[in-house]
């Protein structure tokens, strides 16, 4: 009996080298099913959505259940076996990139302790992110940024709850750009609904605009202004999907754009269709 795969997305885009989401899906495993993940060449982060199973790494078994998660490292021999009575459903996220290993270390994952437990509400957020990103999948620059943001957000859930202390563990110079980028990204995510500018972002992270620009190009291959614009349009897409009766003008204002005509122009440039066309094309 074979597993059932849902929400499957594979990404071969390589515009961003720091952290790259390669594929993700949900896997509903039959009883006793063993996933074929012998010596992979990329990192994979698995969330147990429901059910039970056992993850084996280096001969050590880790019994897991709902809201547990585990990392499969490249070039390691592992075994992921679903429980025979209550088989698990997994959310699988596969990725690589220059920063993958370091970010996992900040998240307190390791080959000795490759498992963690997360709170139920975080698991629910992961499921919502997966669903949202699946709707926004594609092969444009917009989708590269969305996929990278999606992956950073997933890993940030773990870093937020880790005991990593920058004052006791100074970050290597080569990763300094990542710290500034994460801080700038968090500022954008919290303030995109306001009339913020690139200058505001630069001031928040205590960098010059030119330095901020270089960091964003390094991390995302786009400028801070482009990143902010795409984030606003992504949030607008989420609002449009809610179908709560909000007008285009109201949605534009809620994502920090006062001019609805300008908002519609930006939306069409990024999404390839107007906001009204986007709503019409959404499934009921």
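Numbering (UniProt numbering), first residue to last: 1 to 284. Every residue, glycine too, gets a C-beta built ideally from N, C-alpha and C.
Contacting residues, own chain, Cβ-Cβ under 8 Å from residue i (five flanking each side not counted)
i, result
"residue 69", "45, 46, 47, 48, 115, 116, 117, 118"
"residue 123", "47, 49, 66, 67"
"residue 228", "188, 192, 196, 198, 201"
"residue 257", "232, 263, 266"
"residue 204", "183, 184, 187"
"residue 159", "103, 106, 107"
Straight-line Cα distance separating residue j from residue i
i, j, result
"residue 239", "residue 61", "43 Å"
"residue 147", "residue 20", "8 Å"
"residue 93", "residue 130", "10 Å"
"residue 113", "residue 206", "36 Å"
"residue 279", "residue 145", "22 Å"
"residue 87", "residue 37", "17 Å"
"residue 58", "residue 73", "11 Å"
"residue 222", "residue 216", "6 Å"
"residue 96", "residue 220", "14 Å"
"residue 80", "residue 53", "7 Å"
"residue 125", "residue 211", "33 Å"
"residue 255", "residue 194", "7 Å"
"residue 75", "residue 41", "6 Å"
"residue 111", "residue 77", "11 Å"
"residue 241", "residue 190", "20 Å"
"residue 90", "residue 18", "26 Å"
"residue 43", "residue 249", "42 Å"
"residue 274", "residue 33", "45 Å"
Counterpart residues of residue i in DSSP-defined beta bridges
i, result
"residue 116", "69"
"residue 44", "72, 94"
"residue 50", "89"
"residue 61", "56"
"residue 79", "56"
"residue 34", "81"
Residues near residue i by beta carbon distance below 6 Å, same chain, minus five either side
i, result
"residue 225", "198"
"residue 109", "71"
"residue 56", "79"
"residue 120", "67"
Residues near residue i in its chain [Cβ-Cβ closer than 7 Å; skip 5 each side]
i, result
"residue 209", "198, 199, 202"
"residue 155", "103, 107"
"residue 213", "223, 224"
Buried or exposed (CB count within 10 angstroms, at least 16 for buried), residue i
i, result
"residue 262", "exposed"
"residue 180", "buried"
"residue 277", "exposed"
"residue 243", "exposed"
"residue 245", "exposed"
"residue 281", "exposed"
"residue 149", "buried"
Taking three-plus beta-carbon pairs below 8 Å as touching, is the stretch 226-238 in contact with the stretch 265-276? yes
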